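Quick note on the working numbering: the sequence shown kicks off at 286 and runs consecutively.
Where is the CB? At the ideal position from N, CA and C, for every residue including glycine.
All of these numbers come straight from a predicted model, not from anything done at the bench.
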Amino acid sequence: MTSSEWLPWRVAMDRALYGPEGFFVSGAGPAAHFRTSVHASPVLAAALLRLLDAVDRALGHPAQLDVVDVGAGRGELLRALLAGVSGEPAGRLRLTAVERAPRPEDLPAEIDWVNEIPDGTTGVLLATEWLDNVPLDLAVPTEDGWRYLLVNPTSGEESTGDKLTPDDAAWLTHWWPTPADDSLVNTVRGRVEIGRARDEAWAYALGRLDRGVALAVDYGHLRGDRPVGGTLTGYRGGRQVAPVPDGSCDVTAHVAVDSVASAGERVARCAYTLVSQREGLRALGADGGRPPLSLASRDPAGYLRALAAASAVAELTDPAGLGGHWWLLQPVGVTLDPLMAR
Ligand SMILES: C[S@@+](CC[C@H](N)C(=O)[O-])C[C@H]1O[C@@H](n2cnc3c(N)ncnc32)[C@H](O)[C@@H]1O
């Protein structure tokens with residue numbers, strides 16, 4: 286049945302992803318539909334344990350060392366960190382998944398599961414591919430200025446709605462400046478994605494971190510290079526599909542990472558680091574070098590293991606794929622260059 290309802294994209298996306306039958310809260314979870322760095326290999330967890338170690342030292346080995354994973358999926362990353370952690374910090378570690386989906390039945394008891402970002406974190410706050418799923422509004426230039434795009438939640442058809450609020454208009458002017466071009470009026474190529482909701486979400490998350498480092502990993506873009514027409518798209522069952530906000534697919538848009546970083550900096554009041562995942566992983570020791578061929582004859586099993594590890598790193602650092610994702614590292618209340626502290 287086709288709905289005659291027209292909703293702002295932000296409302297439609299929120300319902301489609303997080304409503305009662307929402308894509309992320311019912312069903313098999315993100316890993317069944319697309320591959321993130323978390324699913325791709327344990328290499329990410331190993332690098333993040335190195336980051337955690339550096340943060341622990343910078344914090345002076347607190348009695349409780351938190352890892353909070355915001356938008357935790359089915360807890361895949363925290364499970365990998367729990368499996369990989371060794372030595373003394375293991376006893377001080379508190380792992381918390383923040384998720385709108387229900388707690389998976391098979392989740393280890395050591396991992397807490399909550400649906401709001403907790404206050405008072407000391408340690409590391411992670412958000413891998415969370416911000417691209419924070420619902421946002423879209424706008425299009427019309428004859429009388431910028432207007433919100435509305436969407437029909439069952440067909441995905443679009444129409445134009447109200448004029449932008451002053452806050453959204455100001456965001457657009459500053460963070461997504463577009464040349465005046467009559468040929469873009471009311472066209473798909475004229476669409477822009479208003480990232481203010483992601484800025485607010487990140488600022489809120491940073492406000493919950495007392496001391497430590499927050500890391501957001503996501504696909505995104507910078508002010509000088511915003512994608513013409515935006516990036517809104519859908520995923521279902523491993524395929525890219527039309528972003529119809531009916532709960533049957535992921536609806537996602539790349540993140541304006543520089544704007545998010547700036548919003549975070551205002552809360553954290555510490556300088557941030559914004560690098561590609563490739564640079565981030567390399568700085569944390571995942572170099573992806575292939576093992577020497579001579580190892581193959583000396584230790585064939587060791588050679589195969591090293592080769593598998595190298596290809597896992599290669600997948601995560603491929604500049605045309607996951608390696609092109611952004612890492613935004615934001616220290617709070619601690620002096621540390623997170624990628625130099627190994
Ligand atoms: C694309 S998945 C990423 C999952 C995992 N972090 C990974 O990288 O594989 C985004 C997840 O964020 C969750 N999510 C989105 N907004 C949230 C919020 N405000 N609080 C908690 N979880 C949220 C969704 O339910 C979904 O499971």
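Ligand 1 heavy atom lying under 6 Å from the CB of residue i
| i | result |
| --- | --- |
| Glu414 | yes |
| Pro315 | yes |
| Arg385 | yes |
| Val323 | yes |
| Arg308 | First, the amino acid is wrong: residue 308 is Phe here, not Arg. Flag unset: Cβ of Phe308 not near ligand 1. |
| Asn418 | yes |
| Gly356 | yes |
Reduced DSSP secondary structure (H/G/I, E/B, other) of residue i
| i | result |
| --- | --- |
| Asp417 | helix |
| Leu517 | coil |
| Val473 | helix |
| Ser444 | strand |
| Val529 | coil |
| Arg524 | strand |
| Leu329 | helix |
| Val370 | coil |
| Gly606 | coil |
| Tyr557 | coil |
| Gln615 | strand |
| Glu564 | helix |
| Leu578 | coil |
| Arg511 | coil |
| Arg496 | strand |
| Val352 | strand |
| Glu478 | strand |
| Tyr489 | helix |
| Asp543 | helix |
| Asn461 | Inspection of the sequence shows that residue 461 is occupied by Trp rather than by Asn. It is coil, neither helix nor strand. |
| Gly570 | coil |
| Gly360 | coil |
| Pro451 | helix |
| Ala424 | strand |
| Pro293 | strand |
| Asp629 | As shown, the chain starts at 286 and ends at 627. That puts residue 629 outside it, with no answer to give. |
| Ala501 | strand |
| Leu378 | strand |
| Asp535 | strand |
| Leu621 | coil |
Beta-carbon proximity of residue i to residue j, cut-off 7 Å
| i | j | result |
| --- | --- | --- |
| Asp351 | Thr407 | yes |
| Arg493 | Asp397 | no |
| Val617 | Ala343 | no |
| Tyr520 | Arg385 | no |
| Leu566 | Leu614 | no |
| Phe308 | Gly515 | no |
| Gln562 | Gly608 | yes |
| Gly358 | Gly430 | no |
| Ala490 | Val355 | yes |
| Pro426 | Val498 | no |
| Val545 | Trp460 | no |
| Ala548 | Asp484 | yes |
| Pro438 | Ser311 | no |
| Tyr557 | Glu564 | no |
| Ala568 | Leu624 | yes |
| Thr413 | Arg432 | no |
| Leu380 | Leu363 | yes |
| Ala571 | Val552 | no |
| Trp291 | Leu435 | yes |
| Leu337 | Val409 | yes |
Heavy atom of ligand 3 within 6 Å of residue i beta-carbon
| i | result |
| --- | --- |
| Val340 | No copy of ligand 3 appears in this structure; the ligands present are ligand 1. |
Any C-beta of chain C under 7 Å from that of residue i
| i | result |
| --- | --- |
| Ser596 | This model lacks chain C altogether, as it is built from one protein chain only. |
Decide yes or no for the touch test of the segment 471-478 against the segment 581-597: beta carbon pairs closer than 8 Å, at least 3 of them.
no
Taking 8 Å as the cut-off, does the segment 572-581 touch the segment 535-544 (at least 3 CB pairs, one atom from each stretch)?
no
The segment 355-375 contacting the segment 327-338, beta-carbon criterion three pairs below 8 Å:
yes
Does the segment 293-305 come into contact with the segment 415-422, if we say contact requires no fewer than three beta-carbon pairs (one atom in each stretch) closer than 8 Å?
yes
Contact between the segment 310-329 and the segment 503-515 is defined here as three or more beta-carbon pairs at a separation below 8 Å; is this criterion met?
no
Give the list of continuous alpha helix (DSSP H) stretches no shorter than 4 residues that lie fully inside the segment 381-415.
none
At least 3 beta-carbon pairs within less than 8 Å: the segment 440-451 vs the segment 377-394:
no
Ranges of the alpha helix (DSSP H) found wholly within the segment 299-347, counting only runs of at least 4
322-325 and 328-343
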